[in-house]
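Below you'll find the structure, written out as structure tokens, and then a few comments.
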Amino acid sequence: MYGQWLKPRKGFEFLLDYNYDINNTINKLKEYVENNKFLFCAFPGHYDHWMESIRYSIKGEIGFTLWGDTGSGNKGTDKETGIEFKSLIEKYRNQFLNKNGESNEIKLEKPLFSLFYVTEGSSKNNYGYIGFGIVTDINYDYYRNFIGWKEENGYFKIRFRIKVLYLNSKTIKDIKEHIDKNEDFKKINLYGELGSDLKLIPISNTCYNEYNNQVKDYIKEKFDNQEVKNTLTFYQDLYNKAINKSLYSSFSENPSISQQNESLINEIEEEKIKEIENNLKEILNLIEISEIGKSNEDKLNMLINSIKKGNLLFVGDPGTFKTTIAKDLAKIITKRNEVSIYTANSLWFRRNVIGGETLSSDGKIFWKSGILIRAYNKASEIINSNDRYHVVIIDEINRADIDKAFGEFLTIINSPLPENWEITRELIEEIRNYYEKDEEAEKFLTNYEKFKNDPLKKIRFIATMNLTDVRNLFYVGEAITRRFIRFDFKPKALDNIVDNYSKNNKDCIDKDKIKNLLNCFEKNKNKDKKIPIPLSSVLDSLKLSDCNYDKFIAYLLSTIGTINSSKINFIKNKIEECQKGP
Numbered sequence: 001m002y003g004q005w006l007k008p009r010k011g012f013e014f015l016l017d018y019n020y021d022i023n024n025t026i027n028k029l030k031e032y033v034e035n036n037k038f039l040f041c042a043f044p045g046h047y048d049h050w051m052e053s054i055r056y057s058i059k060g061e062i063g064f065t066l067w068g069d070t071g072s073g074n075k076g077t078d079k080e081t082g083i084e085f086k087s088l089i090e091k092y093r094n095q096f097l098n099k100n101g102e103s104n105e106i107k108l109e110k111p112l113f114s115l116f117y118v119t120e121g122s123s124k125n126n127y128g129y130i131g132f133g134i135v136t137d138i139n140y141d142y143y144r145n146f147i148g149w150k151e152e153n154g155y156f157k158i159r160f161r162i163k164v165l166y167l168n169s170k171t172i173k174d175i176k177e178h179i180d181k182n183e184d185f186k187k188i189n190l191y192g193e194l195g196s197d198l199k200l201i202p203i204s205n206t207c208y209n210e211y212n213n214q215v216k217d218y219i220k221e222k223f224d225n226q227e228v229k230n231t232l233t234f235y236q237d238l239y240n241k242a243i244n245k246s247l248y249s250s251f252s253e254n255p256s257i258s259q260q261n262e263s264l265i266n267e268i269e270e271e272k273i274k275e276i277e278n279n280l281k282e283i284l285n286l287i288e289i290s291e292i293g294k295s296n297e298d299k300l301n302m303l304i305n306s307i308k309k310g311n312l313l314f315v316g317d318p319g320t321f322k323t324t325i326a327k328d329l330a331k332i333i334t335k336r337n338e339v340s341i342y343t344a345n346s347l348w349f350r351r352n353v354i355g356g357e358t359l360s361s362d363g364k365i366f367w368k369s370g371i372l373i374r375a376y377n378k379a380s381e382i383i384n385s386n387d388r389y390h391v392v393i394i395d396e397i398n399r400a401d402i403d404k405a406f407g408e409f410l411t412i413i414n415s416p417l418p419e420n421w422e423i424t425r426e427l428i429e430e431i432r433n434y435y436e437k438d439e440e441a442e443k444f445l446t447n448y449e450k451f452k453n454d455p456l457k458k459i460r461f462i463a464t465m466n467l468t469d470v471r472n473l474f475y476v477g478e479a480i481t482r483r484f485i486r487f488d489f490k491p492k493a494l495d496n497i498v499d500n501y502s503k504n505n506k507d508c509i510d511k512d513k514i515k516n517l518l519n520c521f522e523k524n525k526n527k528d529k530k531i532p533i534p535l536s537s538v539l540d541s542l543k544l545s546d547c548n549y550d551k552f553i554a555y556l557l558s559t560i561g562t563i564n565s566s567k568i569n570f571i572k573n574k575i576e577e578c579q580k581g582p
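Using full-length UniProt numbering, the first residue of the sequence shown is number 1, and each one after it goes up by one.
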């Protein structure tokens, strides 16, 4: 409902965090029930209303449903909030009061269970109790109504959100079948139980003061029979599928953006991934890569298989498409458009790579997260996805002082293989000991408590390193290169780019003239110092000039990546020599 702008308060992750271990969630909730530490309400409604509310838990905000009340009748008004449903507000507030009726800290003492009751269905099988959950928040809203509710007998200005814990197994089976068949959700059935054993047939939304053994037995039975676990697992699987693929497109309506499908905005569809792979093969055709077969298919497969196993280091001259290949490779294995890329520089410290003490604009000292901590949090979001990774690209790594910036990184990332990586206890304690810390650090401590070192196995680093101008860059020793699988990038002959470009651009009228010029450059490499023309400059110039010879030369001089007049004049002279011929 609020997307990523809200996060669970500490202590409530077990109920609200999709990545939290289901067994731990069940154990915590079951303990409340067994010890009679719970409150409950019953929310009856027409079949169509509950159908739309359950549909919201699939399409709107996975695992959460909505219910509402008009505030009419004799429900009383809560003095503190002014909301016309006194017993609901009191019960909601009482969740967090201790046995003395006090609440010095926000701690769940008695969760407020809500029973879902259908008053009238289309058959005898789909009315009665269809499920239950826990009320997590209450909203008072005159401006909007939930699209699935008809306001024939009043306005549903009181709306509450409920974490779904249990749905009838037949209902879940029906939902799964309709998702698999790509059918309209409205065709499913909600299966209910009459609830005669409960001796509780609600007529309107009601929160009860009296303890009820039958309600306890009913809720406990669903825990004992693994039906709560099956429901939570169903929603968690649904959430993971939504992260991996845009599940929402399989439904007939276009849903509004919610907490889950916001994360799908940057999702890449399979067709787009194929397009990226094909473009990458075209680029790989222009270079040679050490230790990889000659075919583009071999190169691509080798790179994909390698990054799935560990970190990669791309080494080569400027313009050999190292960064471009790294970005496309990251998109292929993360299946996302967004890429985490950082360009190293000489000012990098441990604070940039790992994190550390920082002074805020108002003079306060706080702990600020670096690249690794942010990557750990990103990886925690996909911890349950088998085929997904979070990729971090460090461009031009040899612009940073390795010893100064990457010392602790080498301790944590101690080999190319993520199975061996481990967050140090000292780092955990350091972050905990800072009273002020940024949001990423807070999130990291929460994630580490749940997942330990597992998210590290989902992180992959791709570093690029330039060989040209090494005198002005830092030395990169074996201590860091041992953490990467190294690939050396070497350019093929420059005229290969023209052939490759003209395959997809049949109107390349000056193809032969441009090839002759580039062939001349290649011959001069053996007689003179290396002509500083990157492969990427040739390709960019072809695209910008539309394969026009004169324009190609003009663009080439402006894209070779230097403002050094002697280098530019050197290229100009070589162009004139090549145009005159032998």
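Here a beta-carbon is modelled for each residue, glycine too, at the ideal position from N, C-alpha and C.
DSSP bridge partner residues for residue i (one or two, in chain order)
{"i": "Ser72", "result": "Ser72 is not bridged to any residue."}
{"i": "Asp137", "result": "Arg161"}
{"i": "Asn519", "result": "According to DSSP, which records beta bridges pairwise, Asn519 is partnered with nothing at all."}
{"i": "Thr206", "result": "Ala42"}
{"i": "Met302", "result": "For Met302, which the question treats as bridged, DSSP gives no partner whatsoever."}
{"i": "Pro491", "result": "Ile287"}
{"i": "Tyr129", "result": "Tyr117 and Glu193"}
{"i": "Tyr166", "result": "Phe132"}
Opening and closing residue of the alpha helix (DSSP H) in which residue i lies
{"i": "Trp348", "result": "Trp348 -> no alpha helix (DSSP H), and no H or E assigned at all."}
{"i": "Trp50", "result": "Tyr47 to Lys59"}
{"i": "Ser361", "result": "It is not in any alpha helix (DSSP H) - Ser361 carries neither H nor E in the DSSP assignment."}
{"i": "Glu429", "result": "Arg425 to Asn433"}
{"i": "Phe461", "result": "Phe461 -> not in any alpha helix (DSSP H); beta strand (DSSP E) instead, spanning Ile459 to Asn466."}
{"i": "Tyr32", "result": "Ile22 to Glu34"}
{"i": "Ile575", "result": "Ser565 to Lys580"}
{"i": "Thr562", "result": "Segment: none, Thr562 is in no alpha helix (DSSP H) and carries neither H nor E."}
Classification of residue i by the beta-carbon crowding that lies within 10 angstroms, buried from 16 upward
{"i": "Glu61", "result": "buried"}
{"i": "Asn168", "result": "buried"}
{"i": "Asn311", "result": "buried"}
{"i": "Ile563", "result": "exposed"}
{"i": "Leu313", "result": "buried"}
{"i": "Gln95", "result": "buried"}
{"i": "Ile257", "result": "In this prediction, Ile257 has a pLDDT of 32, which is less than 50 and means its spatial position is unreliable; nothing more can be read from the coordinates."}
{"i": "Trp5", "result": "exposed"}
{"i": "Lys157", "result": "buried"}
{"i": "Ser252", "result": "Here the model assigns Ser252 a pLDDT of 34, short of 50, so the residue's position is not dependable and the matter cannot be decided."}
{"i": "Glu52", "result": "buried"}
{"i": "Lys299", "result": "buried"}
{"i": "Gly192", "result": "buried"}
{"i": "Asn213", "result": "exposed"}
{"i": "residue 586", "result": "In the structure displayed, the chain extends from 1 to 582; residue 586 sits before or after that span and is not available."}
{"i": "Asp510", "result": "buried"}
{"i": "Thr424", "result": "exposed"}
Beta-carbon spacing of residue i, residue j below 8 Å
{"i": "Leu112", "j": "Tyr92", "result": "yes"}
{"i": "Gly45", "j": "Val118", "result": "yes"}
{"i": "Thr323", "j": "Ile287", "result": "no"}
{"i": "Arg159", "j": "Asp174", "result": "no"}
{"i": "Ile332", "j": "Glu436", "result": "no"}
{"i": "Trp354", "j": "Phe461", "result": "Just to set this straight, residue 354 is Ile in the shown sequence, not Trp. It is not a contact, given that the beta carbons lie outside the stated cut-off."}
{"i": "Tyr549", "j": "Ile575", "result": "no"}
{"i": "Thr464", "j": "Tyr389", "result": "no"}
{"i": "Gly68", "j": "Glu84", "result": "no"}
{"i": "Ile22", "j": "Thr233", "result": "yes"}
{"i": "Ile431", "j": "Leu445", "result": "yes"}
{"i": "Asn491", "j": "Asp317", "result": "It is worth fixing the name first, because residue 491 is Pro in this sequence and not Asn. For Pro491 and Asp317, yes; Cβs fall inside 8 Å."}
{"i": "Asp237", "j": "Ile276", "result": "no"}
{"i": "Val391", "j": "Ile371", "result": "no"}
{"i": "Phe484", "j": "Ile289", "result": "no"}
{"i": "Lys241", "j": "Tyr166", "result": "no"}
{"i": "Lys163", "j": "Gly133", "result": "yes"}
{"i": "Cys578", "j": "Leu535", "result": "no"}
{"i": "Thr81", "j": "Ile172", "result": "no"}
Start and end residues, beta strand (DSSP E) containing residue i
{"i": "Thr559", "result": "Counting along the chain, Thr559 falls outside any beta strand (DSSP E), though it belongs to the alpha helix (DSSP H) covering Tyr549 to Thr559."}
{"i": "Leu339", "result": "According to the sequence as given, residue 339 is Val; it is not Leu. Element bounds for Val339: n/a, residue is neither H nor E."}
{"i": "Arg201", "result": "As written in the sequence, residue 201 is Ile, which differs from the Arg given in the question. Unbroken run through Ile201: none, as it is neither H nor E."}
{"i": "Gly316", "result": "Leu312 to Gly316"}
{"i": "Val391", "result": "His390 to Asp395"}
Cβ pair count under 8 Å reaching 3, the stretch 15–30 against the stretch 202–210: no
The stretch 333–342 / the stretch 545–558 touching (three or more Cβ pairs under 8 Å): no
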